[in-house]
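*Asks:* Residue numbers for the sequence shown follow numbering that gives the first Met the number 0, beginning at 0 and rising by one.
Here's a structure for you.
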Amino acid sequence: MQRGGKTVYGAGIGVLMLETRFPRIPGDIGHAESFPFPLQYRVVRGATPDRAVRQDPRALVDDFIKAGRDLVDMGCDGITTTCGYLSLIQDQIKDALGVPVAASSLMQVPMVQALLPMGQKVGILTVSQAALTDAHLAAAGVPLDTPVMGTEGGRAFYDGFLNNRVEIDITACRADLLDAANTLCRDHPEVGAIVLECTNMVPFAYDIRRDTGLPVYSIESFLTWFQAGLMPRRFPIELADPRWR
(Lines of atoms letter the chains of each structure in order from A; the text may use other names.)
(Lines give C-alpha, C1' and ligand atoms only; values in the text may rest on other atoms or scores of the structure.)
Protein backbone atom coordinates (compact mmCIF):
# COMPACT_ATOMS: atom_id res chain seq x y z
CA MET A 0 0.00 0.00 0.00
CA GLN A 1 1.41 3.41 -1.02
CA ARG A 2 0.42 6.69 0.60
CA GLY A 3 -0.29 9.75 -1.57
CA GLY A 4 -1.26 13.33 -0.84
CA LYS A 5 0.59 15.25 -3.55
CA THR A 6 0.03 15.75 -7.27
CA VAL A 7 3.66 15.63 -8.45
CA TYR A 8 6.40 13.46 -6.93
CA GLY A 9 10.17 13.51 -7.28
CA ALA A 10 10.63 17.26 -7.85
CA GLY A 11 11.31 18.64 -4.41
CA ILE A 12 12.31 22.20 -5.35
CA GLY A 13 9.89 24.66 -6.90
CA VAL A 14 11.30 27.62 -8.82
CA LEU A 15 9.54 30.99 -8.83
CA MET A 16 10.51 32.44 -12.19
CA LEU A 17 10.71 36.07 -13.18
CA GLU A 18 8.70 36.83 -16.31
CA THR A 19 11.48 36.96 -18.91
CA ARG A 20 12.21 36.40 -22.59
CA PHE A 21 16.01 36.48 -22.65
CA PRO A 22 17.86 33.28 -23.63
CA ARG A 23 18.62 30.88 -20.79
CA ILE A 24 21.60 28.71 -21.70
CA PRO A 25 22.64 25.50 -19.89
CA GLY A 26 23.70 26.35 -16.35
CA ASP A 27 21.05 29.03 -16.00
CA ILE A 28 18.40 28.07 -13.45
CA GLY A 29 15.74 28.61 -16.11
CA HIS A 30 17.24 25.90 -18.32
CA ALA A 31 15.60 22.68 -17.16
CA GLU A 32 18.71 20.55 -17.83
CA SER A 33 20.96 22.59 -15.56
CA PHE A 34 20.47 20.39 -12.50
CA PRO A 35 20.88 16.64 -11.96
CA PHE A 36 17.47 16.56 -10.25
CA PRO A 37 14.04 17.69 -11.52
CA LEU A 38 12.58 21.08 -10.67
CA GLN A 39 9.08 22.49 -10.94
CA TYR A 40 8.58 25.99 -12.35
CA ARG A 41 6.00 28.77 -12.02
CA VAL A 42 6.24 32.17 -13.71
CA VAL A 43 5.30 35.12 -11.51
CA ARG A 44 3.44 37.29 -13.99
CA GLY A 45 4.54 40.91 -13.97
CA ALA A 46 7.77 40.16 -12.10
CA THR A 47 10.16 41.48 -14.75
CA PRO A 48 13.91 41.84 -14.17
CA ASP A 49 13.48 45.60 -13.93
CA ARG A 50 10.83 45.33 -11.22
CA ALA A 51 12.85 42.76 -9.27
CA VAL A 52 16.19 44.58 -9.44
CA ARG A 53 15.84 48.29 -10.17
CA GLN A 54 12.49 48.70 -8.43
CA ASP A 55 11.24 47.32 -5.11
CA PRO A 56 10.28 43.62 -5.33
CA ARG A 57 8.35 43.90 -2.09
CA ALA A 58 5.51 45.32 -4.21
CA LEU A 59 5.28 41.87 -5.83
CA VAL A 60 5.33 39.75 -2.69
CA ASP A 61 1.68 38.70 -2.93
CA ASP A 62 2.24 37.47 -6.49
CA PHE A 63 5.26 35.44 -5.42
CA ILE A 64 3.34 33.93 -2.53
CA LYS A 65 0.42 32.98 -4.78
CA ALA A 66 2.71 31.23 -7.27
CA GLY A 67 4.63 29.63 -4.42
CA ARG A 68 1.45 28.18 -2.92
CA ASP A 69 0.67 26.58 -6.25
CA LEU A 70 4.10 24.92 -6.26
CA VAL A 71 3.71 23.69 -2.69
CA ASP A 72 0.24 22.37 -3.45
CA MET A 73 1.65 20.54 -6.45
CA GLY A 74 4.14 18.75 -4.21
CA CYS A 75 7.25 20.90 -3.77
CA ASP A 76 8.97 20.68 -0.40
CA GLY A 77 11.18 23.76 -0.86
CA ILE A 78 11.06 26.94 -2.92
CA THR A 79 13.67 29.07 -4.66
CA THR A 80 13.62 32.03 -7.05
CA THR A 81 15.58 33.20 -10.07
CA CYS A 82 16.85 36.52 -8.70
CA GLY A 83 19.23 37.24 -5.84
CA TYR A 84 17.55 40.59 -5.15
CA LEU A 85 14.51 38.72 -3.86
CA SER A 86 16.28 38.34 -0.53
CA LEU A 87 14.04 41.29 0.36
CA ILE A 88 10.99 39.01 0.38
CA GLN A 89 12.61 35.85 1.74
CA ASP A 90 10.93 36.12 5.14
CA GLN A 91 7.46 36.89 3.80
CA ILE A 92 7.56 33.97 1.36
CA LYS A 93 8.81 31.35 3.82
CA ASP A 94 6.34 32.42 6.51
CA ALA A 95 3.42 32.36 4.07
CA LEU A 96 4.30 29.02 2.45
CA GLY A 97 5.40 27.08 5.53
CA VAL A 98 8.25 25.29 3.71
CA PRO A 99 11.99 26.05 3.46
CA VAL A 100 12.74 28.89 1.04
CA ALA A 101 16.10 29.69 -0.58
CA ALA A 102 15.17 32.97 -2.23
CA SER A 103 18.65 34.29 -2.95
CA SER A 104 22.12 32.99 -3.72
CA LEU A 105 23.35 35.72 -1.37
CA MET A 106 22.21 33.58 1.56
CA GLN A 107 25.39 31.53 1.04
CA VAL A 108 27.69 34.40 1.96
CA PRO A 109 27.75 33.79 5.75
CA MET A 110 28.40 30.08 5.23
CA VAL A 111 31.20 30.69 2.73
CA GLN A 112 32.69 33.36 4.98
CA ALA A 113 32.91 30.79 7.78
CA LEU A 114 35.09 28.63 5.52
CA LEU A 115 37.73 31.26 4.83
CA PRO A 116 40.99 31.87 6.72
CA MET A 117 41.31 34.90 8.95
CA GLY A 118 41.76 38.09 6.97
CA GLN A 119 39.89 36.88 3.91
CA LYS A 120 36.40 37.94 2.83
CA VAL A 121 33.71 36.78 0.49
CA GLY A 122 33.25 38.98 -2.57
CA ILE A 123 29.95 39.32 -4.43
CA LEU A 124 29.45 39.62 -8.18
CA THR A 125 26.06 41.15 -8.97
CA VAL A 126 24.30 42.36 -12.07
CA SER A 127 23.96 45.88 -10.61
CA GLN A 128 26.14 47.20 -7.83
CA ALA A 129 24.01 50.34 -7.61
CA ALA A 130 20.80 48.37 -7.08
CA LEU A 131 22.20 46.01 -4.43
CA THR A 132 21.48 47.93 -1.24
CA ASP A 133 22.29 47.37 2.41
CA ALA A 134 18.70 46.18 2.82
CA HIS A 135 19.25 43.36 0.31
CA LEU A 136 22.45 42.32 2.07
CA ALA A 137 20.98 42.50 5.55
CA ALA A 138 17.97 40.41 4.49
CA ALA A 139 20.37 37.66 3.37
CA GLY A 140 22.52 37.89 6.49
CA VAL A 141 25.43 39.39 4.56
CA PRO A 142 27.86 41.73 6.40
CA LEU A 143 27.45 45.24 5.06
CA ASP A 144 31.20 45.66 4.48
CA THR A 145 31.25 42.74 2.01
CA PRO A 146 33.04 43.72 -1.25
CA VAL A 147 30.60 43.97 -4.16
CA MET A 148 31.19 44.39 -7.90
CA GLY A 149 28.54 44.89 -10.58
CA THR A 150 28.45 44.51 -14.35
CA GLU A 151 27.39 48.07 -15.17
CA GLY A 152 29.30 49.49 -18.10
CA GLY A 153 29.99 46.09 -19.59
CA ARG A 154 29.45 44.92 -23.14
CA ALA A 155 26.29 42.82 -22.88
CA PHE A 156 25.43 41.22 -19.53
CA TYR A 157 23.88 44.20 -17.71
CA ASP A 158 21.86 45.41 -20.67
CA GLY A 159 20.89 41.98 -21.94
CA PHE A 160 19.50 40.54 -18.74
CA LEU A 161 18.16 43.61 -16.94
CA ASN A 162 16.50 44.95 -20.08
CA ASN A 163 15.18 41.49 -20.98
CA ARG A 164 16.61 41.31 -24.50
CA VAL A 165 15.50 38.50 -26.79
CA GLU A 166 19.04 38.24 -28.17
CA ILE A 167 22.20 38.43 -26.04
CA ASP A 168 25.86 38.06 -26.98
CA ILE A 169 26.85 35.28 -24.59
CA THR A 170 30.56 35.53 -25.44
CA ALA A 171 30.47 39.22 -24.50
CA CYS A 172 28.65 38.33 -21.27
CA ARG A 173 31.47 35.96 -20.36
CA ALA A 174 34.00 38.75 -20.93
CA ASP A 175 31.94 41.11 -18.78
CA LEU A 176 31.92 38.71 -15.87
CA LEU A 177 35.63 37.97 -16.10
CA ASP A 178 36.33 41.71 -16.15
CA ALA A 179 34.10 42.27 -13.12
CA ALA A 180 35.62 39.34 -11.22
CA ASN A 181 39.17 40.47 -11.87
CA THR A 182 38.34 44.05 -10.92
CA LEU A 183 36.77 42.78 -7.69
CA CYS A 184 39.95 40.85 -6.87
CA ARG A 185 42.22 43.76 -7.83
CA ASP A 186 40.31 46.32 -5.78
CA HIS A 187 39.80 43.95 -2.85
CA PRO A 188 42.83 41.67 -2.49
CA GLU A 189 41.30 40.30 0.72
CA VAL A 190 38.63 38.45 -1.30
CA GLY A 191 39.12 34.71 -0.84
CA ALA A 192 35.93 33.39 -2.48
CA ILE A 193 33.22 34.73 -4.77
CA VAL A 194 29.44 34.38 -4.54
CA LEU A 195 27.43 35.05 -7.70
CA GLU A 196 24.25 36.93 -6.86
CA CYS A 197 22.66 36.54 -10.28
CA THR A 198 21.29 33.17 -11.38
CA ASN A 199 22.19 34.02 -14.99
CA MET A 200 25.89 34.05 -14.05
CA VAL A 201 26.10 30.33 -13.35
CA PRO A 202 27.19 29.32 -16.89
CA PHE A 203 30.33 31.40 -16.36
CA ALA A 204 31.21 30.16 -12.85
CA TYR A 205 33.89 27.78 -14.11
CA ASP A 206 35.52 30.53 -16.18
CA ILE A 207 35.56 32.87 -13.17
CA ARG A 208 37.09 30.16 -10.99
CA ARG A 209 39.77 29.43 -13.58
CA ASP A 210 40.55 33.11 -14.22
CA THR A 211 40.70 34.26 -10.59
CA GLY A 212 41.84 31.08 -8.89
CA LEU A 213 39.15 31.56 -6.24
CA PRO A 214 36.28 29.27 -5.22
CA VAL A 215 33.01 30.38 -6.83
CA TYR A 216 29.56 29.75 -5.34
CA SER A 217 26.26 30.33 -7.10
CA ILE A 218 22.60 29.41 -7.11
CA GLU A 219 23.74 26.06 -8.57
CA SER A 220 25.87 25.26 -5.54
CA PHE A 221 23.16 26.58 -3.22
CA LEU A 222 20.35 24.48 -4.71
CA THR A 223 22.50 21.36 -4.86
CA TRP A 224 22.99 21.75 -1.11
CA PHE A 225 19.31 22.65 -0.61
CA GLN A 226 18.14 19.56 -2.49
CA ALA A 227 20.47 17.33 -0.47
CA GLY A 228 18.47 18.20 2.63
CA LEU A 229 15.05 17.96 1.01
CA MET A 230 15.84 14.57 -0.52
CA PRO A 231 18.85 12.91 1.17
CA ARG A 232 20.49 10.06 -0.70
CA ARG A 233 19.43 6.59 0.35
CA PHE A 234 22.17 4.08 1.12
CA PRO A 235 21.92 0.33 1.60
CA ILE A 236 22.26 -0.79 5.18
CA GLU A 237 24.31 -3.84 4.17
CA LEU A 238 28.07 -3.68 3.73
CA ALA A 239 28.65 -4.94 0.20
CA ASP A 240 32.27 -6.01 -0.16
CA PRO A 241 33.24 -8.27 -3.06
CA ARG A 242 35.99 -9.82 -0.95
CA TRP A 243 33.40 -11.35 1.35
CA ARG A 244 30.66 -13.64 0.13
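The beta carbon of each residue, even a glycine, is placed where N, CA and C say it ideally should be.
Checking 8 Å against the spacing of the C-beta atoms, do residue 171 and residue 124 come in under that value?
*Replies:* Judged by beta-carbon spacing, residue 124 lies beyond the 8 Å limit of residue 171, meaning their Cβ atoms are not closer than that value.
*Asks:* What is the residue span of the beta strand (DSSP E) that residue 145 lies within?
*Replies:* Where residue 145 is concerned, there is no enclosing beta strand (DSSP E), given that its DSSP letter is neither H nor E.
*Asks:* Tell me which same chain residues have a C-beta within less than 8 Å of the C-beta of residue 143, skipping the five on either side of it?
*Replies:* Correct list, in chain order: 133, 136 and 137.
*Asks:* Short of 7 Å in beta carbon distance, which residues of its chain neighbour residue 169, apart from the five on each side in sequence? Order them along the chain.
*Replies:* 24
*Asks:* For residue 146 and residue 190, which I take to be in contact (beta-carbon distance under 8 Å), what is that distance rounded to the nearest angstrom?
*Replies:* 6 Å
*Asks:* Closest by CA to residue 153, which one among 166, 130, 131 and 177?
*Replies:* 177
*Asks:* Thinking just about the alpha-carbon of each residue, which of 160, 220 and 166 is nearest to the one in residue 104?
*Replies:* 220
*Asks:* Can you find a heavy atom of the ligand HEM that lies under 7 Å from the Cβ of residue 206?
*Replies:* The ligand HEM is absent from the structure shown, which contains no ligand whatsoever.
*Asks:* Residue 1 to residue 8, Cα distance in whole Å?
*Replies:* 13 Å
*Asks:* So, is residue 27 buried or exposed, given that buried needs 16 or more other C-beta atoms within 10 angstroms?
*Replies:* buried
*Asks:* State the CB to CB distance for the pair residue 57 and residue 87, rounded to an integer number of angstroms; the pair is presumed to be in contact (CB under 8 Å).
*Replies:* 6 Å
*Asks:* How would you write the range of the beta strand (DSSP E) that residue 191 sits in, first residue to last?
*Replies:* 190 to 195 is the extent of the beta strand (DSSP E) around residue 191.
*Asks:* Any idea what DSSP makes of residue 13, helix, strand or coil?
*Replies:* Looking at residue 13 - three-state DSSP - the assignment turns out to be strand.
*Asks:* For the beta strand (DSSP E) that residue 78 lies in, which residues bound it at each end?
*Replies:* 77 to 80
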